[in-house]
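Report on one structure; see the data block that follows.
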Amino acid sequence: MKILSSIRFLIASFHQRIWIVVFFSVLLSALLIPVSFLVKIIFDQAIPNADISLLLKLTLTLIALMACSGIFSIYTRATIIRHTKRAISGIRNSLTAKLLRMSHVSYQQADLSRIHKVLVYDTEKLDNFANAIFSVIIPSACISFCLAVILLILNVQMSLLLFIVAPFILLLTELLRRACKKSLRQFQLSFENFHRKSLFLLELNKLIKVSSTQQKEADLHKDIITELEDSSLNMAIGYIKMSNYQEVIFSISSIILLAWGSYTVMKGEMTIGTLMSFYFCLFLLKRYLTTIGNAVPAVLEGSDSWQQCTSILKEESDEIYTGIMRGEFDGRIECKDLTFSFGELVLFKKYNLSLRPGETTLVVGPNGSGKSTLVNLILGLYQPQEGALYASGIPYSTWDIQYLRSKIAVVLQEDTTFQGTILDNIVYGISGVDITAVQQAVLNSGLHEFIESLPDGLYTMIGEKGAKLSGGQRQKIAIARCFLAKASLVILDEPTNHLDQHSVELIATTLKNQAHTPSILIISHTAKLQSLADNIIELKTSYS
Numbered sequence: 001m002k003i004l005s006s007i008r009f010l011i012a013s014f015h016q017r018i019w020i021v022v023f024f025s026v027l028l029s030a031l032l033i034p035v036s037f038l039v040k041i042i043f044d045q046a047i048p049n050a051d052i053s054l055l056l057k058l059t060l061t062l063i064a065l066m067a068c069s070g071i072f073s074i075y076t077r078a079t080i081i082r083h084t085k086r087a088i089s090g091i092r093n094s095l096t097a098k099l100l101r102m103s104h105v106s107y108q109q110a111d112l113s114r115i116h117k118v119l120v121y122d123t124e125k126l127d128n129f130a131n132a133i134f135s136v137i138i139p140s141a142c143i144s145f146c147l148a149v150i151l152l153i154l155n156v157q158m159s160l161l162l163f164i165v166a167p168f169i170l171l172l173t174e175l176l177r178r179a180c181k182k183s184l185r186q187f188q189l190s191f192e193n194f195h196r197k198s199l200f201l202l203e204l205n206k207l208i209k210v211s212s213t214q215q216k217e218a219d220l221h222k223d224i225i226t227e228l229e230d231s232s233l234n235m236a237i238g239y240i241k242m243s244n245y246q247e248v249i250f251s252i253s254s255i256i257l258l259a260w261g262s263y264t265v266m267k268g269e270m271t272i273g274t275l276m277s278f279y280f281c282l283f284l285l286k287r288y289l290t291t292i293g294n295a296v297p298a299v300l301e302g303s304d305s306w307q308q309c310t311s312i313l314k315e316e317s318d319e320i321y322t323g324i325m326r327g328e329f330d331g332r333i334e335c336k337d338l339t340f341s342f343g344e345l346v347l348f349k350k351y352n353l354s355l356r357p358g359e360t361t362l363v364v365g366p367n368g369s370g371k372s373t374l375v376n377l378i379l380g381l382y383q384p385q386e387g388a389l390y391a392s393g394i395p396y397s398t399w400d401i402q403y404l405r406s407k408i409a410v411v412l413q414e415d416t417t418f419q420g421t422i423l424d425n426i427v428y429g430i431s432g433v434d435i436t437a438v439q440q441a442v443l444n445s446g447l448h449e450f451i452e453s454l455p456d457g458l459y460t461m462i463g464e465k466g467a468k469l470s471g472g473q474r475q476k477i478a479i480a481r482c483f484l485a486k487a488s489l490v491i492l493d494e495p496t497n498h499l500d501q502h503s504v505e506l507i508a509t510t511l512k513n514q515a516h517t518p519s520i521l522i523i524s525h526t527a528k529l530q531s532l533a534d535n536i537i538e539l540k541t542s543y544s
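Using the UniProt record's numbering, read the sequence shown as starting at 1 and increasing by one per residue.
Laid out in structure tokens, this is it:
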């Protein structure tokens, strides 16, 4: 069922082009009909009569037919690959769009290692699956059917003998396929575990070192690699068995058919030309059936990968706000009777908050009081269980939430830098900016002295997740991005985590002196920044 489901999707992706594949596959098959009978004429007429002229004509005709077959084969495969690549790109685009639409809550709960594996590795296996189905199996199946018909025309008795053996080959193939499917699934589970653990080693390398758990992790990773090796070996041996058993049965069948055919030639019931033509077609049939068999692993892996892709595409995890309104946002945010909880932990209960245009609000509270949760609610990343949020007096449910977020600049606690240049990181998400505006934003953020000390300046590469920078430098990049965005609301989440109080005060003052003064929300665990605030709000730890 998995295989049929994935094939149906790919056929739908091909639209009417699937008939191009079928047409050229049939055309390739049709070319084999004259080939088989030309072989028969060579052995029945040209060779017995020592007719060199006829032999030369037949040989040239065979060469021409095989050349045409090669040309059609190249065109067919090129056409197939072009459309399979397009279909797979469609799947990758759908998965990427799904990931970008995913709500923040779903993102936090998701197995990111699994999603990464599906997006990168499973789509590649699905690509191989599509090529196997349309570039290998469909053309080979059409040609095999044509060859079976030719064999039946050449000699009914030998064909029936071959068809008697066929069910046993199919039965063996099915049994081996099931065994391979089981070993494949075990390999995929082992690979997922290996992939997840490898990401852990890369992302938490510092934690491993400071915890002195290198040897423990090395031993654990060694066990995982051993498990992967065993499952990979079992899968490979399963495929080898399936291929070799089919090869042995077909070879034995071919020998029996050759002996029977030779016997009928001796009795005068069949010509040597018919036997050679039959055996030539049988050789081609074996080749195409072997080709189909070799494509089975890609089909098995691809069908399972298709299930992994569809499971993600079907998940209910889209954005929590689905409004479409785009309008003026003046920086005014209101929380009315807002209740929000994580399970039994109630962080806000009938909570009210108002951020007024152009004013600075300081929210103070201890760890666990919901400061970061409040930021996520204002950004539309969380949705309250009760109550509502309003932007410029309009409910969040009405706004196009992505548009609204584009009017809000935020400096988060966690790092938001990525591999690239300093300039890439500053202008991320902001279009139509010139270098003069960037330089002013750098000056306002206090990053200018550091950038001036670098040989490549703004074009300095900062490493994966800004690894070449300090925490304060990474935060100043995010602040420069805020200045550049010219947002109506600026949120500074725990700015003193990486910057001293004087730097934060200077940045906030510069923000307030902009031509268009934004609303400013400062989140802090301390009241040291109260001199900056027009309003101060204190959060409690939680509600019972």
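Every residue gets a Cβ at the ideal spot worked out from N, C-alpha and C, and that includes glycine.
At the C-beta level, D304 and L184 come within 8 angstroms of one another.
Annotation: S431 to V438 spans about 12 angstroms, alpha carbon to alpha carbon.
Judged by DSSP in its simplified three-state form, P395 adopts strand. Distance from the CA atom of K486 to the CA atom of R332, rounded to whole angstroms, is 15 angstroms. Around the beta carbon of F168, a 10 Å sphere encloses fewer than 16 other beta carbons of the protein chains shown; the residue is thus reported as exposed.
L353 sits buried, since 16 or more C-beta atoms from the chains shown fall within 10 Å of its C-beta.
Counting only residues of its own chain and dropping the five nearest sequence neighbours on each side, E192 has a CB closer than 8 angstroms to the CB of S113, R114, K117. No residue range can be given for L529, since it is assigned to no alpha helix (DSSP H) and is classified by DSSP as neither H nor E. Annotation for L257: the continuous alpha helix (DSSP H) segment containing it runs 214-266. Rounded to whole angstroms, the gap between the alpha carbons of Q413 and P495 is 7 angstroms. In the DSSP assignment, no residue is bridged to T373. Around the beta carbon of Q188, a 10 Å sphere encloses 16 or more other beta carbons of the protein chains shown; the residue is thus reported as buried. Taking every protein chain shown into account, the CB of G268 has fewer than 16 other CB atoms within 10 angstroms, so this residue is exposed. In this model, L28 and I208 are separated by some 60 angstroms (Cα to Cα).
Within 10 angstroms of the beta-carbon of Q246 lie 16 or more other beta-carbons, which makes it buried. Bridge partners of T361 according to DSSP: L521, N535.
Contact holds between the stretch 290-305 and the stretch 120-131, because three or more Cβ pairs, one in each stretch, are under 8 angstroms apart. Taking all protein chains shown into account, I324 has fewer than 16 neighbouring C-beta atoms within 10 Å of its C-beta and is therefore exposed.
Taking I81 as the centre and dropping the five residues before and after it, the same chain places the C-beta of N131, S135 closer than 7 angstroms to its C-beta, in chain order. Counting only the Cα atoms, I252 lies some 18 angstroms from L151. In this structure, DSSP gives I491 an extended state, which the three-state scheme calls strand. At a Cβ-Cβ threshold of 8 angstroms, L447 and A409 do not count as neighbours. Setting aside the 5 residues that flank it on each side, E538 is surrounded in the same chain by V364, G365, each with a C-beta closer than 7 angstroms to its C-beta; the list follows chain order.
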